[in-house]
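Undergrad: One structure follows; several queries about it will come next.
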Amino acid sequence: MAGAIGQQRKWRILTGVSLGILMFTIDLSVVNIALPTLMREFQTSFTAVQWVVLSYLLVITSLQLGASRLGDLWGKKYLFIGGLAIFTISSALCGIAGTVWELVGFRALEGLGAVFIAGLAAAIVTESFTPQERGKALGIVSGLMSVGVALGPTLGGVLIAWGSWRAIFWINIPIGLIAMAIILKYLPLQARPRQAETFDYLGAGVIALSLGCFALGMTTGQARGFTNILALSSLTLAAAGIGLFLWIQTRVKYPTLNLQLFRNWELSRSVLLNCIVNLVIAGGVFVLPFFFEIVKQFPTQQVGMLLAVCPISNAIISPMAGQLSDRWGTKRIRIIGLGLVIGVCFLISQFNSNSPISQFILTFIPYGIGLGLFQAASATAIMSSVPPTATGIGSGLIALVGTLGQLIGVPLMGSLFILWGGLPPGSAIKSAPPLALTHGLAGCFLVAAGLTIFGLGILLIQSRQPPKVEKLQQPSPF
């Protein structure tokens with residue numbers, strides 16, 4: 000399809016896709032900065048407020064590959080527009096929620112819209128650009144994701160300080176309307192080459208229940224202890240469900256996740272690395288606002304500005320990272336990126352109540368650069384490892400491993416935050432001793448550093464498979 004799209008039109012398509020990405024990334028980072036505020040406003044617990052994030056991630060992760068597969072089967076244009084519409088409407092509903100559990104429900108609906116935005120964005124961009132321009136285009140998308148994450152804390156801090164937490168959801172409405180208009184006008188309809196295929200409802204249902212059990216087990220463990228029967232049984236069911244899901248994928252004719260793709264070593268390790276890095280990102284973004292607001296006593300607006308430093312530096316480097324990966328290869332760029340992330344995780348583990356603001360800023364700048372280098376190169380590596388006829392699945396994998404990493408990272412780091420801080424299950428975080436929360440933060444980022452070192456080791460393993468560059472130089476048949 001790339002060869003048939005004019006130069007101006009494909010950049011307008013990229014603009015529409017980027018606005019959709021910008022909208023839901025703003026929403027994700029806005030909610031993180033608002034969590035301490037939501038905990039106070041709704042008079043709810045640390046465990047309950049996590050579900051404002053988890054319900055959103057759970058729906059996205061459970062349905063991501065299904066949405067991408069529907070894009071390959073039915074065409075991507077109207078599914079993407081539908082996702083934008085659902086997200087825009089549910090954002091308005093989030094802004095009028097009366098209880099924390101109403102907000103959790105509306106966030107789940109918001110996640111349904113985000114499924115189609117995140118799951119189809121990279122595929123639309125990949126099919127709209129030639130292989131020679133693809134790295135640059137995907138790098139721009141990655142950079143705008145960082146812009147969204149950067150704008151979220153800043154806008155959120157201002158809106159919460161000057162107005163209400165409800166406004167943090169309403170900022171999505173104009174962005175969604177503009178994105179819908181652009182995509183409707185400029186993205187061409189595509190052929191649907193495999194209409195005879197069916198959707199794997201069983202597999203999608205099993206993975207949804209499995210991930211839900213995992214999130215329930217982790218949050219219940221925080222509140223009641225990990226020896227609690229509900230926590231243990233939920234985590235056991237999650238493990239069994241994931242095994243059942245993989246078994247189903249080997250038996251159905253048209254699986255949600257084609258396991259044959261993972262015979263490609265480059266794709267397999269790229270997916271695993273992406274999951275690890277997103278786990279680290281999500282866990283850090285989740286616990287840092289509590290450290291800054293409770294230990295450092297910073298106002299929400301100041302916390303938002305501090306947390307924006309990392310994604311701003313990410314946004315600046317991402318387009319260049321895409322071009323560098325086109326020129327020097329994705330592996331070298333990812334190694335540099337992971338090295339920076341590891342170093343910064345160790346630095347963050349040294350934060351304490353006496354750390355000056357300058358220390359936070361100087362630490363978050365290289366953190367954003369490292370993440371930007373890794374994410375842009377990783378997106379190119381994954382999309383270059385799938386067949387041209389499966390770009391929807393490749394796009395879905397990028398989104399899936401991102402949200403899967405976040406879905407694991409939030410409750411995992413939340414649990415480490417409590418356990419490493421020596422707090423008993425069900426402790427009230429807002430009244431916890433500052434030293435305990437400082438120790439909790441250190442534990443989270445030491446574990447994050449260890450996981451990233453493990454990921455770097457995987458990346459350094461030499462692949463025995465020959466690169467498939469020749470095949471990727473052919474334009475997509477869509």
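For the sequence shown, numbering that gives the first Met the number 0 assigns the number 0 to the initial residue and increments by one for each residue that follows. From the three backbone atoms N, C-alpha and C, an ideal C-beta is built for every residue, glycine too.
1. At 4 residues or longer, what runs of the alpha helix (DSSP H) sit wholly inside the segment 221-298?
2. Which first and last residues belong to the alpha helix (DSSP H) in which residue 427 is found?
3. Would you mind giving the Cβ-Cβ distance between residue 34 and residue 51, rounded to the nearest angstrom? I have them listed as a contact below 8 Å.
4. Using only CA atoms, which one of 433, 329, 217 lies nearest to residue 46?
5. In chain order, what residues of the same chain have a beta carbon less than 8 Å from the beta carbon of residue 222, not counting five sequence neighbours either side?
6. Leaving out five residues on either side along the sequence, give the residues of the same chain with a beta carbon under 6 Å from the beta carbon of residue 447.
7. By a C-beta neighbour count over all protein chains shown, 10 Å radius and 16 as the cutoff for buried, is residue 164 buried or exposed?
8. Quick check: the Cα distance between residue 107 and residue 26, rounded to an integer number of angstroms?
9. Report the rounded CA-to-CA distance for residue 204 versus residue 240, giving the unit in angstroms.
10. By Cβ distance, which residues of its chain are closer than 7 Å to residue 208, with the 5 residues on each side in sequence left out?
11. Quick one: is residue 127 buried, meaning 16 or more other Cβ sit within 10 Å of its Cβ, or exposed?
12. Got a sec? Which residues, its chain only, sit under 7 Å from residue 81 by beta carbon, not counting five neighbours each side?
13. Comparing alpha-carbon positions, which option in 41, 90, 87, 295 lies nearest residue 359?
14. Helix, strand or coil for residue 478, going by three-state DSSP, please let me know.
15. Can you look up residue 170 in the DSSP assignment and give me helix, strand or coil?
16. How close, in whole Å, do the beta carbons of residue 340 and residue 373 come, if the pair is a contact with beta carbons under 8 Å?
17. Should residue 419 be labelled buried (16 or more other beta-carbon atoms within 10 Å of its own) or exposed?
18. Report the three-state DSSP secondary structure of residue 325 (helix, strand or coil).
19. Between residue 83 and residue 178, is the Cβ-Cβ spacing less than 7 Å?
20. So, using beta-carbon positions, are residue 101 and residue 86 closer together than 7 Å?
21. In whole angstroms, what separates the C-alpha of residue 94 from that of residue 20?
22. Using a Cβ distance threshold of 8 Å, determine whether the segment 305-316 contacts the segment 351-369, with at least three qualifying pairs required.
23. So, using beta-carbon positions, are residue 12 and residue 143 closer together than 7 Å?
24. Do you know how far the Cα of residue 405 is from the Cα of residue 282?
25. Using a Cβ-Cβ cut-off of 7 Å (strictly less than) and excluding sequence neighbours within five positions of residue 465, which residues of its own chain qualify?
26. For residue 284, count neighbouring C-beta atoms within 10 Å of its own C-beta (all shown protein chains included) and say buried if the count is 16 or more, exposed if not.
27. For residue 453, count neighbouring Cβ atoms within 10 angstroms of its own Cβ and tell me buried if that reaches 16, exposed if not.
28. Run through DSSP, which three-state label would residue 26 get?
29. In whole angstroms, what is the alpha-carbon distance linking residue 210 and residue 352?
30. From this set, 434, 371, 412, 397, which residue's C-alpha is nearest residue 349's C-alpha?
31. When the Cα of residue 377 is compared with those of 97, 397, 124, which residue comes out closest?
32. In chain order, what residues of the same chain lie with their CB nearer than 7 Å to the CB of residue 268, ignoring the 5 residues before and after it?
33. Check residue 162 in the structure and name its three-state DSSP category.
34. Using CA atoms only, rank isn't needed, just tell me which of 355, 413, 171 is closest to residue 224.
35. Taking buried to mean at least 16 other C-beta atoms within 10 Å of its own C-beta, is residue 226 buried or exposed?
36. Identify whether residue 338 lies in helix, strand or coil by the three-state DSSP scheme.
TA: Result, derived from the coordinates:
1. 228-248, 264-289
2. That residue, residue 427, is in no alpha helix (DSSP H); it is neither H nor E in DSSP.
3. Sure, about 7 Å apart at Cβ, within 8 Å.
4. 217
5. 44, 46, 424, 425
6. Taken in chain order, the residues that qualify are 279, 344.
7. buried
8. 13 Å
9. 10 Å
10. 240
11. buried
12. 115
13. 295
14. For the chain, the structure presents residues 0 to 477; residue 478 sits outside this window and is missing.
15. coil
16. 7 Å
17. So residue 419 counts as buried.
18. helix
19. yes
20. no
21. 20 Å
22. yes
23. Contact flag unset, no.
24. 7 Å
25. The predicted position of residue 465 is uncertain, since its pLDDT is 43 and thus under 50; a value taken from the coordinates is nonetheless stated next. Within the same chain, residue 465 has no close Cβ partners at all.
26. buried
27. exposed
28. helix
29. 36 Å
30. Cα-wise, what sits closest to residue 349 is 434.
31. 397
32. 457, 458
33. coil
34. 413
35. exposed
36. Three-state DSSP puts residue 338 in a helix.
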